[in-house]
Amino acid sequence: MKNLIKAIKEARRVGVLTGAGISTLCGIPDFRGPQGLYKQKDAEKIFDIDWFDRDPSIYYRGCAELVYGLEKFTPGPVHKALVSMEKAGCLEGIATQNIDMLHQKAGSKNVYEVHGSPILHHCRWCADEKKFEEICEMLRRGGEGFIPRCKCGGAYKPDITFFGEALPEKAFTRAQALAISSDVFIVLGTSLSVFPAAGLPRLTLQAGGKVFIVNAQPTPLDDYAAARYDDLAAFAQAILEEFGE
Ligand code: OAD
Numbered sequence: 166m167k168n169l170i171k172a173i174k175e176a177r178r179v180g181v182l183t184g185a186g187i188s189t190l191c192g193i194p195d196f197r198g199p200q201g202l203y204k205q206k207d208a209e210k211i212f213d214i215d216w217f218d219r220d221p222s223i224y225y226r227g228c229a230e231l232v233y234g235l236e237k238f239t240p241g242p243v244h245k246a247l248v249s250m251e252k253a254g255c256l257e258g259i260a261t262q263n264i265d266m267l268h269q270k271a272g273s274k275n276v277y278e279v280h281g282s283p284i285l286h287h288c289r290w291c292a293d294e295k296k297f298e299e300i301c302e303m304l305r306r307g308g309e310g311f312i313p314r315c316k317c318g319g320a321y322k323p324d325i326t327f328f329g330e331a332l333p334e335k336a337f338t339r340a341q342a343l344a345i346s347s348d349v350f351i352v353l354g355t356s357l358s359v360f361p362a363a364g365l366p367r368l369t370l371q372a373g374g375k376v377f378i379v380n381a382q383p384t385p386l387d388d389y390a391a392a393r394y395d396d397l398a399a400f401a402q403a404i405l406e407e408f409g410e
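So in the working numbering the end of the sequence shown lands on 410, straight run, no missing numbers.
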């Protein structure tokens, strides 16, 4: 990791893109890793807007533990390492595809959630808004198989970007600006398979910056990376040793 640390210290602006892999170190499963969420039956329907409108129970059944059990998870070593980089003035911002809110919980300030988050839910019919905690409470009271519904009868959907929906414009525009302006862009724990988020490091490359990748499985950008590493825990350790807790 010495080359990566050197590149970070010499860079004008460093940006980061994170994916589900960084949260496996906290006990949250990823999507396409060996124990990923998408290994289960009909998993591709869980975050699909057409399926949600047809049958919201697919999402609420598939995510009961994952999304609505998020409160029990705490930030892991990569989240903490990124906080230490930001505090040291060596990290401009984090574009994250994750919806677990752990970067903010860890204390990172400049976080762009390009796939949204469940912090708010909106009714699909009348757009009435509910907070994450309110939906958790409705689910707790409702019991198994319950779908949180608005007074008008519409189902509440989290502000997570489902397949078939546009990305949150403000967050994605900021993430694009981060990728373009970073001379070092570090890709952490993502298979880089879901666009347009997976296109962010390409923007860095097109603008003449360097991309570093830390991911166990291969990614489509490995051949274009200045260096690639497999182990996120080793990355976090190297960063924490350099920039402190
Ligand atoms: P993926 O599950 O596609 O990729 C996570 C990557 O992290 C995999 O390639 C793993 O090999 C790697 N990984 C896991 N644990 C690791 C570890 N300890 N060390 C090193 N690498 C590790 O997750 P994303 O790329 O984030 O969309 O998925 C992108 C989007 O697909 C998600 O945001 C989600 C999903 O559909 C929405 O929820 C809207």
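We put the CB at the ideal spot given by N, CA and C, even for glycine.
Per-residue burial, residue i [other beta carbons within 10 Å of its own, 16 or more giving buried]
i: T189; result: buried
i: N380; result: buried
i: A399; result: exposed
i: E278; result: buried
i: P383; result: exposed
i: A292; result: exposed
i: P283; result: buried
i: G241; result: buried
C-alpha distance - residue i paired with residue j, whole-angstrom precision
i: W290; j: C317; result: 7 Å
i: S358; j: I345; result: 20 Å
i: Q402; j: A253; result: 16 Å
i: A363; j: P323; result: 22 Å
i: E330; j: V276; result: 21 Å
i: L256; j: A229; result: 34 Å
i: G192; j: L235; result: 10 Å
i: E299; j: M266; result: 17 Å
i: M303; j: I173; result: 45 Å
i: R146; j: G227; result: Beyond the ends of the chain as shown, which are 166 and 410, falls residue 146; an answer cannot be given.
i: Y224; j: R178; result: 38 Å
i: P194; j: Y389; result: 28 Å
i: L197; j: I187; result: Sequence check: residue 197 is Arg here, not Leu. Their Cα atoms are separated by approximately 13 Å.
i: C315; j: P385; result: 42 Å
i: K204; j: T338; result: 32 Å
i: M166; j: Y394; result: 8 Å
i: H286; j: G319; result: 12 Å
i: G308; j: V232; result: 16 Å
i: A392; j: E251; result: 22 Å
Cβ-Cβ separation, residue j to residue i (assumed contact under 8 Å), whole Å
i: V349; j: K375; result: 5 Å
i: L182; j: P366; result: 6 Å
i: H244; j: H268; result: 6 Å
i: G354; j: A246; result: Incorrect: roughly 12 Å between the Cβ atoms, too far for contact.
i: A260; j: L343; result: 6 Å
i: L405; j: S249; result: 6 Å
Bridge-paired residues (DSSP) for residue i
i: R393; result: I378
i: I325; result: G281
i: L182; result: A260 and V352
i: R314; result: A320
i: D213; result: F328
| query | Can you give, in chain order, each stretch of the beta strand (DSSP E) that sits fully within the segment 336-362 and has at least 3 residues? | reply | The segment 336-362 contains these whole beta strand (DSSP E) runs: 349-353.
| Can you list, in chain order, the stretches of the beta strand (DSSP E) that have 3 or more residues and sit fully within the segment 237-311? | Qualifying beta strand (DSSP E) stretches, in chain order: 258-261, 276-278, 281-288 and 294-296.
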